[in-house]
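In what follows, a structure is listed as C-alpha coordinates, so that the remarks can point back to it.
Numbering (the working numbering), first residue to last: 1238 to 1500.
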(Lines of atoms letter the chains of each structure in order from A and count residues from 1; the text may use other names and numbers.)
(Lines give C-alpha, C1' and ligand atoms only; values in the text may rest on other atoms or scores of the structure.)
Protein backbone atom coordinates (compact mmCIF):
# COMPACT_ATOMS: atom_id res chain seq x y z
CA UNK A 1 0.00 0.00 0.00
CA UNK A 2 1.44 3.37 -1.00
CA UNK A 3 2.02 6.04 1.60
CA UNK A 4 -0.53 8.39 0.10
CA UNK A 5 -3.21 5.70 0.00
CA UNK A 6 -2.39 4.59 3.55
CA UNK A 7 -2.84 8.11 4.82
CA UNK A 8 -5.97 8.83 2.84
CA UNK A 9 -4.85 10.96 -0.13
CA UNK A 10 -7.60 9.43 -2.23
CA UNK A 11 -7.29 12.14 -4.85
CA UNK A 12 -11.04 12.33 -5.39
CA UNK A 13 -12.89 14.47 -2.89
CA UNK A 14 -11.68 16.98 -0.31
CA UNK A 15 -12.47 16.67 3.36
CA UNK A 16 -15.00 19.36 4.27
CA UNK A 17 -13.84 21.79 6.91
CA UNK A 18 -16.11 22.06 9.92
CA UNK A 19 -16.18 24.79 12.52
CA UNK A 20 -14.27 23.74 15.60
CA UNK A 21 -12.13 21.12 13.83
CA UNK A 22 -8.38 21.11 14.41
CA UNK A 23 -5.43 20.02 12.35
CA UNK A 24 -3.62 16.89 13.41
CA UNK A 25 -1.00 17.61 16.02
CA UNK A 26 -2.01 21.23 16.72
CA UNK A 27 -4.46 21.90 19.58
CA UNK A 28 -7.28 24.42 19.22
CA UNK A 29 -8.57 24.09 22.78
CA UNK A 30 -8.21 26.75 25.49
CA UNK A 31 -5.06 26.57 27.58
CA UNK A 32 -6.99 25.78 30.74
CA UNK A 33 -8.22 22.52 29.19
CA UNK A 34 -4.79 21.18 28.23
CA UNK A 35 -3.66 18.07 30.12
CA UNK A 36 -0.30 18.28 31.89
CA UNK A 37 1.36 16.18 34.55
CA UNK A 38 0.02 16.53 38.11
CA UNK A 39 1.58 19.38 40.04
CA UNK A 40 3.04 21.12 36.99
CA UNK A 41 -0.16 22.56 35.55
CA UNK A 42 0.04 26.07 37.08
CA UNK A 43 3.64 26.56 35.97
CA UNK A 44 3.02 25.14 32.50
CA UNK A 45 -0.08 27.22 31.87
CA UNK A 46 1.62 30.34 33.23
CA UNK A 47 4.55 29.80 30.87
CA UNK A 48 2.21 29.33 27.93
CA UNK A 49 0.28 32.47 28.83
CA UNK A 50 3.48 34.48 29.12
CA UNK A 51 4.68 33.24 25.75
CA UNK A 52 1.47 34.17 23.96
CA UNK A 53 1.38 37.55 25.69
CA UNK A 54 4.98 38.21 24.65
CA UNK A 55 4.11 37.56 21.01
CA UNK A 56 1.15 39.92 21.26
CA UNK A 57 3.31 42.64 22.81
CA UNK A 58 5.84 42.31 20.00
CA UNK A 59 3.11 42.61 17.40
CA UNK A 60 1.69 45.73 19.05
CA UNK A 61 5.02 47.52 18.57
CA UNK A 62 4.11 47.94 14.91
CA UNK A 63 1.04 48.63 12.80
CA UNK A 64 1.26 45.95 10.10
CA UNK A 65 0.45 42.83 12.13
CA UNK A 66 3.91 41.41 11.47
CA UNK A 67 6.44 39.94 13.89
CA UNK A 68 9.02 41.31 14.26
CA UNK A 69 7.68 44.72 13.31
CA UNK A 70 11.06 46.28 12.51
CA UNK A 71 13.77 44.96 10.16
CA UNK A 72 16.93 43.50 11.60
CA UNK A 73 19.42 40.72 11.00
CA UNK A 74 17.81 37.64 9.47
CA UNK A 75 14.53 39.52 9.01
CA UNK A 76 11.86 36.88 8.29
CA UNK A 77 8.46 38.42 9.06
CA UNK A 78 6.43 36.01 6.91
CA UNK A 79 7.73 32.91 8.67
CA UNK A 80 7.75 34.40 12.17
CA UNK A 81 4.28 35.93 11.83
CA UNK A 82 2.95 32.57 10.66
CA UNK A 83 4.51 30.84 13.67
CA UNK A 84 2.95 33.42 16.00
CA UNK A 85 -0.44 32.83 14.39
CA UNK A 86 -0.07 29.09 14.94
CA UNK A 87 0.86 29.72 18.58
CA UNK A 88 -2.24 31.85 19.22
CA UNK A 89 -4.42 29.23 17.55
CA UNK A 90 -2.74 26.54 19.64
CA UNK A 91 -3.56 28.61 22.72
CA UNK A 92 -7.27 28.47 21.97
CA UNK A 93 -7.91 31.61 19.92
CA UNK A 94 -9.47 31.73 16.48
CA UNK A 95 -10.73 34.45 14.17
CA UNK A 96 -14.02 34.90 16.02
CA UNK A 97 -13.19 34.34 19.69
CA UNK A 98 -10.41 33.88 22.21
CA UNK A 99 -7.98 36.12 24.11
CA UNK A 100 -5.80 36.69 21.03
CA UNK A 101 -8.54 36.88 18.41
CA UNK A 102 -7.52 40.39 17.34
CA UNK A 103 -3.80 39.62 17.19
CA UNK A 104 -4.49 36.49 15.18
CA UNK A 105 -6.68 38.43 12.78
CA UNK A 106 -3.97 41.02 12.21
CA UNK A 107 -1.38 38.32 11.58
CA UNK A 108 -3.63 36.53 9.10
CA UNK A 109 -4.39 39.78 7.28
CA UNK A 110 -0.66 40.52 7.06
CA UNK A 111 0.00 37.15 5.47
CA UNK A 112 -2.92 37.50 3.07
CA UNK A 113 -1.88 40.99 2.01
CA UNK A 114 1.56 39.74 1.02
CA UNK A 115 0.39 36.96 -1.29
CA UNK A 116 1.42 37.38 -4.93
CA UNK A 117 -1.72 37.71 -7.07
CA UNK A 118 -0.42 37.03 -10.59
CA UNK A 119 2.58 36.01 -12.63
CA UNK A 120 4.84 32.98 -12.28
CA UNK A 121 4.87 33.31 -8.48
CA UNK A 122 1.08 33.59 -8.08
CA UNK A 123 -0.01 32.30 -4.68
CA UNK A 124 3.39 32.83 -3.02
CA UNK A 125 3.46 34.44 0.44
CA UNK A 126 6.14 37.12 0.69
CA UNK A 127 6.71 40.67 1.87
CA UNK A 128 8.95 43.49 0.71
CA UNK A 129 12.30 43.23 2.47
CA UNK A 130 11.85 39.61 3.56
CA UNK A 131 14.75 37.77 1.98
CA UNK A 132 14.91 35.02 4.61
CA UNK A 133 11.51 33.32 4.89
CA UNK A 134 11.40 32.12 1.27
CA UNK A 135 9.59 28.80 0.78
CA UNK A 136 10.00 27.84 4.44
CA UNK A 137 7.91 30.90 5.24
CA UNK A 138 5.45 30.11 2.47
CA UNK A 139 4.86 26.68 3.97
CA UNK A 140 4.37 28.08 7.47
CA UNK A 141 2.01 30.78 6.19
CA UNK A 142 -0.01 28.19 4.28
CA UNK A 143 -0.25 26.00 7.38
CA UNK A 144 -1.32 28.94 9.56
CA UNK A 145 -4.04 29.92 7.11
CA UNK A 146 -5.16 26.31 6.80
CA UNK A 147 -5.66 26.03 10.53
CA UNK A 148 -7.31 29.44 10.80
CA UNK A 149 -9.74 28.37 8.09
CA UNK A 150 -10.33 24.93 9.63
CA UNK A 151 -11.46 26.33 12.97
CA UNK A 152 -13.23 29.42 11.58
CA UNK A 153 -14.45 28.58 8.04
CA UNK A 154 -17.42 30.90 8.28
CA UNK A 155 -15.57 33.91 9.65
CA UNK A 156 -15.63 37.20 7.78
CA UNK A 157 -12.27 36.26 6.27
CA UNK A 158 -13.33 32.72 5.37
CA UNK A 159 -13.83 33.13 1.62
CA UNK A 160 -10.63 35.11 1.22
CA UNK A 161 -8.61 32.58 3.20
CA UNK A 162 -10.01 29.68 1.17
CA UNK A 163 -9.02 31.31 -2.13
CA UNK A 164 -5.58 32.16 -0.75
CA UNK A 165 -5.13 28.57 0.41
CA UNK A 166 -5.99 27.18 -3.01
CA UNK A 167 -3.54 29.54 -4.70
CA UNK A 168 -0.85 28.80 -2.10
CA UNK A 169 -1.19 25.05 -2.65
CA UNK A 170 -1.12 25.49 -6.42
CA UNK A 171 2.16 27.37 -5.98
CA UNK A 172 3.61 24.57 -3.84
CA UNK A 173 2.61 21.89 -6.32
CA UNK A 174 3.96 23.90 -9.26
CA UNK A 175 7.31 24.39 -7.50
CA UNK A 176 7.94 20.69 -6.81
CA UNK A 177 11.26 19.53 -8.22
CA UNK A 178 11.80 16.69 -10.65
CA UNK A 179 12.95 14.37 -7.85
CA UNK A 180 9.91 15.11 -5.68
CA UNK A 181 11.33 17.60 -3.19
CA UNK A 182 11.36 21.39 -2.96
CA UNK A 183 13.95 24.14 -2.71
CA UNK A 184 14.10 27.77 -1.57
CA UNK A 185 12.41 29.20 -4.66
CA UNK A 186 8.65 29.27 -5.43
CA UNK A 187 9.35 27.91 -8.91
CA UNK A 188 10.80 24.51 -9.89
CA UNK A 189 14.51 24.01 -9.26
CA UNK A 190 16.96 21.27 -10.12
CA UNK A 191 17.98 21.47 -6.46
CA UNK A 192 15.84 20.13 -3.62
CA UNK A 193 16.43 19.64 0.10
CA UNK A 194 14.78 18.25 3.20
CA UNK A 195 14.12 21.27 5.42
CA UNK A 196 12.03 23.05 2.78
CA UNK A 197 10.29 19.83 1.82
CA UNK A 198 8.99 19.24 5.36
CA UNK A 199 7.53 22.75 5.56
CA UNK A 200 5.70 22.40 2.27
CA UNK A 201 4.43 18.85 2.82
CA UNK A 202 2.98 19.89 6.19
CA UNK A 203 1.38 22.87 4.47
CA UNK A 204 -0.29 20.55 1.96
CA UNK A 205 -1.38 18.24 4.76
CA UNK A 206 -2.91 21.16 6.66
CA UNK A 207 -4.67 22.44 3.55
CA UNK A 208 -6.09 19.01 2.80
CA UNK A 209 -7.39 18.75 6.36
CA UNK A 210 -9.04 22.14 5.79
CA UNK A 211 -10.89 20.84 2.74
CA UNK A 212 -8.56 21.81 -0.10
CA UNK A 213 -8.10 19.21 -2.83
CA UNK A 214 -4.54 17.89 -3.01
CA UNK A 215 -3.72 15.26 -5.67
CA UNK A 216 -2.03 12.00 -4.73
CA UNK A 217 0.86 11.87 -7.19
CA UNK A 218 2.90 14.80 -5.79
CA UNK A 219 2.66 13.29 -2.30
CA UNK A 220 3.95 9.92 -3.47
CA UNK A 221 6.82 11.70 -5.21
CA UNK A 222 7.65 13.64 -2.04
CA UNK A 223 7.70 10.44 0.02
CA UNK A 224 10.01 8.76 -2.49
CA UNK A 225 12.33 11.77 -2.42
CA UNK A 226 12.57 11.83 1.37
CA UNK A 227 13.18 8.08 1.55
CA UNK A 228 16.00 8.45 -0.97
CA UNK A 229 17.85 10.71 1.47
CA UNK A 230 18.14 8.12 4.25
CA UNK A 231 21.63 6.79 4.88
CA UNK A 232 22.58 3.29 5.97
CA UNK A 233 22.98 4.45 9.57
CA UNK A 234 19.40 5.68 9.71
CA UNK A 235 19.98 9.42 9.44
CA UNK A 236 18.69 11.58 6.60
CA UNK A 237 20.99 13.80 4.59
CA UNK A 238 20.42 17.40 3.49
CA UNK A 239 19.99 16.65 -0.21
CA UNK A 240 20.98 14.18 -2.90
CA UNK A 241 24.21 16.10 -3.53
CA UNK A 242 25.05 17.08 0.06
CA UNK A 243 25.47 14.00 2.28
CA UNK A 244 25.73 15.82 5.60
CA UNK A 245 23.17 14.61 8.10
CA UNK A 246 22.01 15.85 11.49
CA UNK A 247 19.42 15.35 14.18
CA UNK A 248 17.43 18.28 12.76
CA UNK A 249 17.46 16.97 9.19
CA UNK A 250 16.47 13.50 10.36
CA UNK A 251 13.64 14.89 12.47
CA UNK A 252 12.43 16.93 9.49
CA UNK A 253 12.43 13.84 7.28
CA UNK A 254 10.51 11.80 9.85
CA UNK A 255 8.00 14.62 10.26
CA UNK A 256 7.53 14.73 6.48
CA UNK A 257 6.85 11.01 6.38
CA UNK A 258 4.51 11.30 9.34
CA UNK A 259 2.52 14.02 7.57
CA UNK A 260 1.89 11.62 4.68
CA UNK A 261 0.97 8.65 6.85
CA UNK A 262 4.26 6.82 6.35
CA UNK A 263 5.00 5.29 9.73
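Even glycine gets a Cβ: it sits at the ideal position worked out from N, Cα and C.
Straight across, the Cα-Cα distance linking residue 1296 with residue 1289 is about 11 angstroms. Counting only unbroken stretches of 4 or more residues, the alpha helix (DSSP H) elements lying wholly within the region 1355 to 1409 are 1371 to 1388, in sequence order.
In the DSSP assignment, residue 1455 falls within the alpha helix (DSSP H) that extends over 1453 to 1465.
Judged by DSSP in its simplified three-state form, residue 1428 adopts coil rather than helix or strand. One Cα belongs to residue 1455, the other to residue 1408, and the distance between them is close to 13 angstroms. When only Cα atoms are considered, residue 1308 and residue 1471 end up about 40 angstroms apart. Taken through DSSP and simplified to helix, strand or coil, residue 1493 comes out as helix. If you ignore the 5 residues before and after residue 1357, its C-beta comes within less than 7 angstroms of the C-beta of 1424, all in its own chain and listed in chain order.
Residue range 1338 to 1350 is occupied by the alpha helix (DSSP H) that includes residue 1345.
For the options 1444, 1430, 1496 and 1441, the alpha carbon positioned closest to that of residue 1465 is the one of 1430.
Residue pairing of residue 1474 in beta bridges, as defined by DSSP: 1482. Here the alpha carbon of residue 1366 sits roughly 8 angstroms from the alpha carbon of residue 1312.
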